[in-house]
Structure formats: structure tokens, C-alpha cells
Amino acid sequence: MTQTLRKTLFEEYLLLLKNRDALTYLETTDLFHEFQKETNSLPPLKIAVLSNFTIRPMEIPLSLACRLAGFNPTIYFGPYNQVHKEILDPSSELYAFSPEIVFLALDGQTILPKSFEWSLKTTVLEKEKECQEAVKDVGQLVEVLVQKTRSLILVSNFRLPFPLSLGILDNKSSGQVELIQKTNQQLAKTFSNVKNVFVLDTEYAASVFGRERAFDPRLYYRGDIRWSYDFMVFIANQLNRYVRAFKGTTKKCVVLDLDNVLWGGVIGEDGLEHIKLSKTSAGKEFFEFQQFLKQLTERGILLAINSKNNPEDVEEVFQKHSDMVLQKSDFASIRINWTDKAQNLQSIADELNIGLDSMVFVDDNPIERGLVATMLPQVTVPEMPEDPKEYRLFLSKQPFFEKIAITKEDLEKKEMYQKQRQRTEFKEQAGSLEAYLKGLKQEITVFSAKPENLDRITQLVHKTNQFNLTTKRYTVAEIENMQKNSKWNILAIRVKDRFGDNGIVGVLILDKTNPNEWNIDSFLLSCRVLGRKVEYALLQYVLENAKRQKAAMVRGRYLRTEKNQVSKDLFLNAGFSNEKTTSKGDSHWFFSLGKNEFKQAIPGKIKIVS
1 MTQTLRKTLF
11 EEYLLLLKNR
21 DALTYLETTD
31 LFHEFQKETN
41 SLPPLKIAVL
51 SNFTIRPMEI
61 PLSLACRLAG
71 FNPTIYFGPY
81 NQVHKEILDP
91 SSELYAFSPE
101 IVFLALDGQT
111 ILPKSFEWSL
121 KTTVLEKEKE
131 CQEAVKDVGQ
141 LVEVLVQKTR
151 SLILVSNFRL
161 PFPLSLGILD
171 NKSSGQVELI
181 QKTNQQLAKT
191 FSNVKNVFVL
201 DTEYAASVFG
211 RERAFDPRLY
221 YRGDIRWSYD
231 FMVFIANQLN
241 RYVRAFKGTT
251 KKCVVLDLDN
261 VLWGGVIGED
271 GLEHIKLSKT
281 SAGKEFFEFQ
291 QFLKQLTERG
301 ILLAINSKNN
311 PEDVEEVFQK
321 HSDMVLQKSD
331 FASIRINWTD
341 KAQNLQSIAD
351 ELNIGLDSMV
361 FVDDNPIERG
371 LVATMLPQVT
381 VPEMPEDPKE
391 YRLFLSKQPF
401 FEKIAITKED
411 LEKKEMYQKQ
421 RQRTEFKEQA
431 GSLEAYLKGL
441 KQEITVFSAK
451 PENLDRITQL
461 VHKTNQFNLT
471 TKRYTVAEIE
481 NMQKNSKWNI
491 LAIRVKDRFG
501 DNGIVGVLIL
511 DKTNPNEWNI
521 DSFLLSCRVL
531 GRKVEYALLQ
541 YVLENAKRQK
551 AAMVRGRYLR
561 TEKNQVSKDL
571 FLNAGFSNEK
581 TTSKGDSHWF
591 FSLGKNEFKQ
601 AIPGKIKIVS
């Protein structure tokens, strides 16, 4: 689906939601049917929603949110107020459905009746005990889900009652606010170290959205619907963020214009003294927008510049303006020239070795935005507000930058790309690939995955598209289960060279269910080390290890996608034999130990860690 159509549909979607009859209208409008038709070919996603109140009206907003995130959802709604039965009964429809994401939408009015009804005859200790038991109960339910599924589990916390039973006296004693807040804190603490469980903070969401708007008494008394239609839409859009993070479709790079984006005014016309950028006075909105962008880099999001300007004018801002939060070193790629911005974006993508669909282009000029949206529809081009004072809030509300976990590699990503630029320059000077690889002085370490590596491994499994032979997207729970199972082996590869540590850059998942015939289930490598024969070091290790353990054969597959054709000749070049190739371009390969001969010479030092 083109970005223009997606944008049009989304704008129409938001317009409709301002109407109380939006859900009914969405079901019948030609636009919604067009939206469904255009998105039915998207990758499938299975979501289960369990609730202790009526939540079925959320189906359409949730479906739309998932489609906007790039997935065609199938949604299972559990029976009304049957959360315990659905989770505790192994034969329930929940487990037959086999969801990828489970959302537990829990309302405190049912779980915490003493705290919500709030009789002064009930002691504070009784209410606190009720809250402790509720947290324990939810924790036990989630523990069962963790054991029985491989799903991402989202648990809502408890919204404050509205209105408060004691009114203005609530904060004069251990009132409802204090009690519910403590309960929510305990709930968050319970799941803080459980990798695939997250608390979806509906209490915070209600405070942002507006408590009075989040509740519609007509819906509540008509059918025990405790969230207003509009609030369901709001929560569906919060779920959108988790879907993108979980499925690895968040963005990798924000590409920024400079004039009227990082500072107010045009540097080439106004000069350094007259652009607006300040911690405290005129231009504070640009200072704080830069702070927000700086925070994104700490999540592993790259920044790049794409600006029509004279480089020397921009250099003066970076060198001399005391209120510049961002420095040149914060940008992984810089294009300051008079070339059209679409061409610059393609150049930046090539330099960083990322897809155009991994980029967000931020520009104040609607003409430039339109040009990029037309020429490069894969790039996300948000319609920035006319007033720069809204930039920070607007971009922070977009679901582009969420992550399930922040890894060591994320924290060091900016430095890694700076070193990558040095490698590129070294390669250009080397004269030949052989001289380049020899001069890099690579040290390649192959090791079995450890618990502390699983976040990074999961991230690679979800994010890697180009060198990814089967493009299987496993959850962190699935990878944890494989790691604990002796029939599977998860190998990771780390690469160091003369310029520094590249971190964990590759994963190979090996299925050894048949000890005589090993199967390469997944094989993927970061674009940072493509073209350096690192993949062959990992493959060579697998073959040598298989031979030591008396296996007769190693099998592998290449499953073709639109993006992974760079990896299609791996097995051929390594000396594997082709078993079959389908009309779709998928191929099946085998290496007979003792018959086939490995054909690749590995440059550098290889270190094997058991």
C-alpha cells in the first residue's frame, strides 16, 4: 500500500473517530473496505484480548491500528469476564487460537471491589490486603500464560476511579489514589524482569486522554462497556506501538532538515546571531526538540541530516552556537548540499546500509515532504505541524521508535556507525577486497548464546532483512525455550577489527533434533559486516562441529523475500549441493560431510567460545 493512500486513510480514520457513530460508520464506509482490501496481503498477526468487562467494540479500532502498523490481524476476544477460565483451562479457545500477542484488559472495579466501592467501614488494611491479593492473582495468571504460550503478554494496570469516593478528602488519608497507585507500582515491579511481559499503563493513558472522556456512562449501563469508544481507539493506538516493537517494524533513522527544524530561521539568510535557539527564551522549542532527538539516539535510533544549505554556514552553528544540543558527532550521516532531498535520502540509506522503509524524514517544508513522499514512497514522511512548538509532542506521539529492549549495541550504535565510516574510507584506499580484508585484522568469535545475549539476538532476528536466509521472526520467549532445549543450538557471532568492536552481528539457529542430520533453521547477519566473509566463518564452524559430533549431513534453506536476495548464493558459494529450487526462488541445500568440500577461505582470526 502506498504511503499516500495510507496517509489518506489514516487522516479519514481520525476524522471519523471524532464522531460518536464512528464505529458503525467505519463498518460500512467504502473507505474502510478499501483499507481492508489494501491491507489483507500484509503479514498476518494473531492477537487475543481477554477482559473482565465488555471490550468487543474495540475490534475495529484494534484491527485498524494493526493494519496501520503493517499487519493483517486476526483478533480473538475471550468470553465476557472469563479471564481465569480461559487462562487456566488448557483446552480453552485461547490456546487453540495460539496468539502471538495476548492483551489482558483488566478493570479494577471487578478485581478491587473494596477499593472502588470505598466504604469507610472497611479498614485500610483490608483494602491493602485486597490489592496485594489482586497483584498476586494477576501474576499467577500471567505466569501460566508465560509457561503455556510464546506470546508477548500485555497487562493493563488499574485506572483510578472517577469520580473519587472521598472527593477532595482523598489525599487527607490513605485514599483511593494512594492505594491504586501503590497497587500499580507493585504490578509493574512483578513483571519488570519478565522479558515478554509488559504493563500497558491504562492509568497513565486515561490521565493523558482525560478521565471523564475515557468513561461513557451510557455504554457502561447499557452493556458493562467501561471504556468509551474514543478511549478504545486511544488504547488501540497504544497497542500499535507494542505491535511495531514486538514485530521489529519500528524505524532505524530520523533524517532531519535544519532550518526551522533544529533552529528557527534560515542560517544562510539570518546568520548565526539571528537564528532562534535557546534554553530559556525565543527558540526554546527548538532546544527541547533537539533534546528529544538526542534521547532517541540513546534508544539506538540513528540521526542524519538532509539540508539544502551552504556547509560552511551550518558548520558555524555547530561550532559556535552555545545552545546546540546536537553536535555533528550525533549524526550517522550528513548531506548538506543543493541536491534534491530524495536523492540525498537514497544516498544516506546506501551509506548506512538500511532500507528506505527504515527511515523517517522530518522537514518543515510541505513541498519537500511531498517530493520525497512521491519519489520515495517507502520513506515515512510525517506531516509536521506548522508551529514548531508542537514538533516535540507531535513526533513523540508517533509509534515509530519503540523497542522491546535496549541492548548494548543500541547504546553504542552512533559510535559503531562512525567507525563504519572509517572502514568505508579504508576500503576505498585498500585497492582490492583481499587487501581490505587482510588489513582489517578481523577477530571473529563464535559462541553459544547466553541469557544476557537474548535481547540482542531477538532484535537481530526481528530487524535483519537483507542477509536473512529464512526470515523467521521468533519471540524472545521462543528463543529462550530453544536455548534451554538440547535439540537446538543458538550460535552468535561477534566481530572485532582494527577500528573497534562491531558487537554481536550474526545469529545461526541450528535444529539438531536428528543428530545425524543437522538443519540450519535461521541464519542472519547484520548489514554492518556484509561483504567481509564473516558468514562463512560461522558456517565453517557449524560444519566442523557437525563432523566432530559424527553427523553425516548439514541442511539449509534459502526462502526468498523482496529484501534478502543478497544472501541467496551463500550455500552455493560455500560448496553445498542444491537439492531443489522452486519456481518462487526458494532453494534447499545440503552439505554431505566427507563428500562436499568447503570452498571459502576465512580472512582474519577465528575464536571459538564453547
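Here the sequence shown is numbered in the UniProt record's numbering, starting from 1 and rising by one per residue.
Glycine included, C-beta positions come from ideal geometry on N, C-alpha and C.
Distance cut-off 7 Å: LEU164 Cβ against heavy atoms of the ligand MN: In the structure shown, the ligand MN is absent, as is every other ligand, since no ligand is present at all.
TRP263 versus SER41, VAL254, ALA282, residue with shortest Cα-Cα distance: Position 263 of the sequence shown, counted from the first residue, corresponds to residue 263. Ranking SER41, VAL254, ALA282 by Cα distance to TRP263 puts ALA282 first.
Whether LEU469 touches SER333 by CB criterion (8 Å): The residue given as residue 469 occupies position 469 in the sequence shown. The residue given as residue 333 occupies position 333 in the sequence shown. Contact: no.
Same chain, Cβ closer than 8 Å to THR28, five either side skipped, listed in chain order: Taking the first residue of the sequence shown as position 1, residue 28 is located at position 28. Note that THR28 scores a pLDDT of 46, beneath 50, so its modelled location is shaky; the value from the coordinates is reported in the next line. Contacts found: none.
Sheet register partners of ALA304 (DSSP bridge): Taking the first residue of the sequence shown as position 1, residue 304 is located at position 304. VAL255, SER333.
Supposed close pair LEU356, LEU376 - CB separation, criterion 8 Å: Here residue 356 refers to the residue found at position 356 when the sequence shown is read from its first residue. Here residue 376 refers to the residue found at position 376 when the sequence shown is read from its first residue. Correct: roughly 6 Å between the Cβ atoms.
Where VAL194 falls: helix, strand or coil (DSSP): Residue 194 sits at position 194 when you count from the first residue of the sequence shown. VAL194 falls in the coil class under three-state DSSP.
Length at least 3, wholly inside the segment 470–550: the beta strand (DSSP E) runs in chain order: 488–497, 500–511, 517–525
Test item: CB-CB of LEU154 and GLU130 under 8 Å: Translated into the one-based positions of the sequence shown, residue 154 becomes position 154. Translated into the one-based positions of the sequence shown, residue 130 becomes position 130. Their beta carbons are not under 8 Å apart, which means LEU154 does not touch GLU130 by this criterion.
Spatial distance of SER347 from GLY585 (CA atoms): Here residue 347 refers to the residue found at position 347 of the sequence shown. Here residue 585 refers to the residue found at position 585 of the sequence shown. Whole-angstrom Cα-Cα distance: 29 Å.
For TYR80, three-class secondary structure by DSSP: Within the sequence shown, numbered from 1, the residue matching residue 80 stands at position 80. Coil.
Top-ranked residue by Cα proximity to PHE591, from GLU203, ALA546, TYR242, THR582: Locating residue 591 in the sequence shown gives position 591, where the first residue counts as 1. Nearest option by C-alpha distance: ALA546.
Buried versus exposed call for THR249 [16 or more other C-beta atoms within 10 Å across all chains shown]: Numbered from 1 along the sequence shown, position 249 holds the residue referred to as residue 249. It counts as buried.
LEU538 and LEU570 closer than 8 Å at C-beta: Taking the sequence shown and counting its residues from 1, one reaches residue 538 at position 538. Taking the sequence shown and counting its residues from 1, one reaches residue 570 at position 570. No, the Cβ-Cβ distance between LEU538 and LEU570 is not below 8 Å.
When LEU62, LYS419, GLU597 are compared against ASN237, the one with the closest alpha-carbon: Within the sequence shown, the letter at position 237 stands for residue 237. Residue LEU62 is the option with its Cα nearest to ASN237.
Within 8 Å, strictly: CB atoms of GLY139 and THR190: Against the sequence shown, residue 139 aligns to sequence position 139. Against the sequence shown, residue 190 aligns to sequence position 190. Taking 8 Å as the Cβ cut-off, GLY139 and THR190 qualify as a contacting pair.
The segment 405–420 in contact with the segment 448–467 per 3-pair CB rule at 8 Å: yes
TYR391 versus PHE289 - alpha carbon distance: Looking up residue 391 in the sequence shown gives position 391. Looking up residue 289 in the sequence shown gives position 289. So the alpha carbons of these two residues sit roughly 7 Å apart.
Segment contact flag, the segment 393–404 with the segment 288–305, C-beta cutoff 8 Å, min 3 pairs: yes
The segment 430–441 touching the segment 314–325, judged by at least three CB pairs closer than 8 Å: no
Coil, strand or helix - ALA430 by DSSP: Taking the first residue of the sequence shown as 1, we reach residue 430 at position 430. It is helical.
Pairwise C-alpha distance: GLN378 and LYS414: As a working mapping, residue 414 is identified with position 414 in the sequence shown. As a working mapping, residue 378 is identified with position 378 in the sequence shown. Taking the straight line from one Cα to the other gives about 24 Å.
Selected residue, minimal CA-CA separation from THR445, among PHE467, THR183, ILE602: Working through the sequence shown from its first residue, we reach residue 445 at position 445. With distances taken between Cα atoms, THR445 lies closest to ILE602.
Separation of PHE499 from GLU425, as counted between CA atoms: By 1-based counting over the sequence shown, the position of residue 425 is 425. By 1-based counting over the sequence shown, the position of residue 499 is 499. When rounded, the distance between both Cα atoms is 12 Å.
Residue-chain proximity (MET324, chain B), Cβ-Cβ < 8 Å: Of the protein chains in the structure, only one exists, and it is not chain B.
Neighbour-count burial assignment, LYS121, 16 or more Cβ in a 10 Å radius: Indexing the sequence shown from 1 puts residue 121 at position 121. When all chains shown are included, LYS121 counts as exposed.
Alpha-carbon to alpha-carbon, PHE246 and ILE336: In the sequence shown, the residue the question calls residue 336 occupies position 336. In the sequence shown, the residue the question calls residue 246 occupies position 246. So the two alpha carbons sit approximately 35 Å from each other.
ASN309 - DSSP class collapsed to helix/strand/coil: Position 309 of the sequence shown holds residue 309. Three-state result, ASN309: coil.
Exposed unless 16 or more other CB atoms sit within 10 angstroms - verdict on GLY78: If you number the sequence shown from 1, residue 78 lands on position 78. Label assigned to GLY78: buried.
C-beta contact flag for LEU593 and LEU525 at 8 Å: Within the sequence shown, residue 593 is the residue found at index 593, counting from 1. Within the sequence shown, residue 525 is the residue found at index 525, counting from 1. Going by C-beta atoms, LEU593 is not nearer than 8 Å to LEU525.
Per-residue burial, ASN485 [other beta carbons within 10 Å of its own, 16 or more giving buried]: The count along the sequence shown starts at 1 and reaches residue 485 at position 485. Answer is exposed; the Cβ neighbour count stays below 16.
Unbroken alpha helix (DSSP H) run spanning HIS588, endpoints: For the purposes of this step, residue 588 is taken as residue 588 along the sequence shown, with counting starting at 1. HIS588 -> not in any alpha helix (DSSP H); beta strand (DSSP E) instead, spanning 587–592.
Buried or exposed by the 16-neighbour rule on C-beta atoms within 10 Å, applied to PRO99: Position 99 of the sequence shown, counted from the start, is the residue given in the question as residue 99. PRO99 comes out buried.
Neighbourhood of ASP497 by C-beta, 8 Å cutoff - its chain only, sequence neighbours within 5 removed: One-based indexing of the sequence shown puts residue 497 at position 497. So the qualifying residues of the chain are ARG423, LEU440, LYS441, GLN442, GLU443, GLY604.
Buried versus exposed, by CB contacts within 10 Å (16 or more), ASP230: Mapped onto the sequence shown, residue 230 falls at position 230. Per the 10 Å Cβ criterion, buried.
Nearest to residue 617 (by Cα), restricted to the options TRP118, PHE361, LYS427, THR471: Outside the displayed span of the chain (1 to 610) sits residue 617, for which this structure offers no information.
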